[in-house]
Amino acid sequence: MLRIAKLEMRLKKGSKKVSLIATFSLILTLLMVYQIASNGVRLDEGIYSSNIPIEHRSFTISENPDITIGYGKVYLRGDLKSLSAFDEFRKYLREEYNRWVYERFGEKAFPVLVNLHEIPTEVKIAFNKSFKSFKTPQEITTPKAVETPKPVETVKTVEKTIETPTVAKKPVKTEMKYVTPENLQPPILLEKFVYAFLFVMPFYFIAQVYSSSFMEDKVRKRFDVILTVVSAKEFLIGKMIPYVTFGLVISIAIATILGKALIALLLISILILMLSIDSFIVFLSRSYKEMSFVSVVVTLVVTAYLFIPAVFSFIPMSKLSPVTLLVESIEGGEIDLKYVLLSLLHVSLMSFVLINLTSNSFEFMYTRGLIEKVVELTAKLTDKYYKVFTFVLLSIPFVLLMELFTLAITFPLRNYIFPVLIVLALVEEFFKGLFIYSASMNELNPYVSAILSASGFFVGEKLILIPLIPTNVLSLLLLPLLAHIVSSLLFVLAMRWGFKVGLITSSAFHSTYNGLMLWMLLK
0 MLRIAKLEMR
10 LKKGSKKVSL
20 IATFSLILTL
30 LMVYQIASNG
40 VRLDEGIYSS
50 NIPIEHRSFT
60 ISENPDITIG
70 YGKVYLRGDL
80 KSLSAFDEFR
90 KYLREEYNRW
100 VYERFGEKAF
110 PVLVNLHEIP
120 TEVKIAFNKS
130 FKSFKTPQEI
140 TTPKAVETPK
150 PVETVKTVEK
160 TIETPTVAKK
170 PVKTEMKYVT
180 PENLQPPILL
190 EKFVYAFLFV
200 MPFYFIAQVY
210 SSSFMEDKVR
220 KRFDVILTVV
230 SAKEFLIGKM
240 IPYVTFGLVI
250 SIAIATILGK
260 ALIALLLISI
270 LILMLSIDSF
280 IVFLSRSYKE
290 MSFVSVVVTL
300 VVTAYLFIPA
310 VFSFIPMSKL
320 SPVTLLVESI
330 EGGEIDLKYV
340 LLSLLHVSLM
350 SFVLINLTSN
360 SFEFMYTRGL
370 IEKVVELTAK
380 LTDKYYKVFT
390 FVLLSIPFVL
400 LMELFTLAIT
410 FPLRNYIFPV
420 LIVLALVEEF
430 FKGLFIYSAS
440 MNELNPYVSA
450 ILSASGFFVG
460 EKLILIPLIP
470 TNVLSLLLLP
480 LLAHIVSSLL
490 FVLAMRWGFK
500 VGLITSSAFH
510 STYNGLMLWM
520 LLK
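Here is the structure:
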């Protein structure tokens, strides 16, 4: 592996373009991280102008100002930007006045002072009477499942915190920890994207250079020579080593500047996932043109999986994405260890599977089209019954990735939930059906394969999501297992008319089951 890594470094050492991109991305990343660590992300800095200096980050001095201040009056241009500038200036004056009053009289000058407190979301599901057919109603209808924090405790905490009688004696400018209700501003979601994108962006460049180098080796058929000396897995890991090392340097630098060791671990896991995905893309592609097309589609899916959940960080499911934990770590929040392990397990499992799939498929890398390669590869993997169960189980991280992407792009259709359920059912049934179909090509009994595929999918799904499943529904998990088995058997029955017919049939049953369960929950 080290010989391959040295060879890769020698090949890239002579490329001025690669060296320039690497150096530029490293310097740019460190500068951005230092700026964020020092001043934070200020999306509204300098967006308005005035004719005199205003001690607010949103205002700068201009000869053609948005607002003109003079003789105790404020003059506007009359356009929307000028009106927005005036609104911001008015809020600034209120904040300064409140701060002055607070410094002089303390909390006695304000009848109400508030602040934001993040309360961890705990998913609890309460079932109604329609579920009495299940034999555990006392476990399901426990009133503890809908308990919420008492507001009185929060008020007591506030009262203790704002008791600062010495504030009024300080002549210097004091930051108010608590504000009046009209000045309370919730966190801006866009800042989360800025944080995450700036830190992950260099890894896109590294992955792009890696995939181009890998594709060049394939086109020039260097594999034919190299694989006579080392194994396919050694070649693949050895080729990744220089890029992972460079990414590790960036990750450690970012973590050092921000003082968060966890950030380095999350970032390097993202990079390894990107390199693993690009390796598999090169395997699927027959030319640079085909690789570019597949790479754009896959990058879109992976980007949605990484970034979209960060917006909904209050939902436990979002913890599957390492970017969600990355943002929470940057913001100084406490991160539960189980969520860190869950996210790293999810990402590492995908990387492990992709590396092994790529290293075991070099024998037909130059032949067949994209779809044919996927079918041939799964057929190679499912020549035994236990392998059907195992590989369906290992496919769960990719199913969750696709489902998170589906939820991201169908979010505008949240009022039309049933089309979304159909798409989610298609994703799950595709992965289950693919291994059943491939096993039948190896003359394995399709009905046995269907039961094993359904069981493997159920076990893998629940193993990854077990920290996110409410405890009061664990007793009902046999019902989805039965639904998976029935949908898989329906796929086998319809598979005689082709894979597509089987997929449509099983997906129709699966989406109907999901819709029925949702209707019973919401009834």
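In numbering that gives the first Met the number 0, the protein residues as written are 0 to 522.
Note that beta-carbon positions come from the ideal geometry of N, C-alpha and C, so glycine has one too.
Enumerate in chain order the residues of its own chain whose CB-to-CB distance from I314 is below 6 Å, with the five nearest sequence positions on each side excluded.
Excluding sequence neighbours, I314 sits near nothing in its chain.
Does S250 come out as helix, strand or coil in the three-state DSSP assignment?
helix
Please work out which residues of its chain come closer than 7 Å, Cβ to Cβ, to L353, disregarding the five sequence neighbours upstream and downstream, and give them in chain order.
Cβ within range, chain order: S275, I276, S278, F279.
Mind checking who L75 pairs with in its DSSP beta bridge?
I66
Hey, is the region 263-274 in contact with the region 239-254, meaning 3+ C-beta pairs nearer than 8 Å?
yes
Does the Cβ-Cβ distance between L325 and A195 come in under 8 Å?
A distance below 8 Å separates the beta carbons of L325 and A195.
Alpha carbon to alpha carbon, how far is F434 from K386? Give it in angstroms, no decimals.
9 Å
Counting only the same chain and skipping the five closest in sequence on each side, list residues whose C-beta sits under 7 Å from that of F417.
G514
Just to confirm, does L344 get its C-beta within under 7 Å of one of the non-hydrogen atoms of the ligand NAP?
Because no ligand of any kind appears in the structure shown, any question about the ligand NAP cannot be addressed here.
Do L502 and F490 have their beta-carbon atoms positioned less than 8 Å apart in this structure?
yes
Could you say if the region 390-408 and the region 300-313 meet the contact criterion of at least three C-beta pairs nearer than 8 Å?
yes
Which of the three DSSP states, helix, strand or coil, is assigned to T409?
coil
Report yes if the CB atom of S328 is closer than 8 Å to the CB atom of L261, and no otherwise.
yes
Within 10 angstroms of its Cβ, does I253 collect 16 or more other Cβ (buried), or is it exposed?
I253 comes out buried.
Where does T357 sit, in a helix, a strand or coil, going by DSSP?
Note: T357 maps to helix in three-state DSSP.
With 16 other CB atoms within 10 Å as the buried threshold, where does V111 fall?
V111 counts as exposed, since fewer than 16 other C-beta atoms from the protein chains shown sit within 10 angstroms of its C-beta.
Straight-line CA distance for S211 to K217?
In this structure, the straight-line span from the alpha carbon of S211 to that of K217 is close to 10 Å.
Judging by CA-CA distance, which residue of V322, N63, S394 is the nearest neighbour of V193?
V322
Suppose you measure from the CA of F213 to the CA of R219; what does that come to, to the nearest Å?
Rounded to whole angstroms, F213 to R219 spans 10 Å at the Cα level.
Taking the alpha carbon of G69 as the reference point, which residue from P52, D78, M519, L399 has its own alpha carbon closest?
Closest by alpha carbon: P52.
Give the secondary structure of T59 by DSSP, where H, G and I count as helix, E and B as strand, and everything else as coil.
strand
Roughly how many angstroms lie between the CA atoms of R76 and D65, to the nearest whole one?
6 Å
Let me make sure I understand the geometry here. Which of V419, E375, N63 has the alpha-carbon closest to that of S439?
E375
From the DSSP output, which residues share a beta bridge with Y47?
F58
In whole angstroms, what separates the C-alpha of V73 from that of N50?
10 Å
Taking only three categories from DSSP, how would you classify I435?
helix
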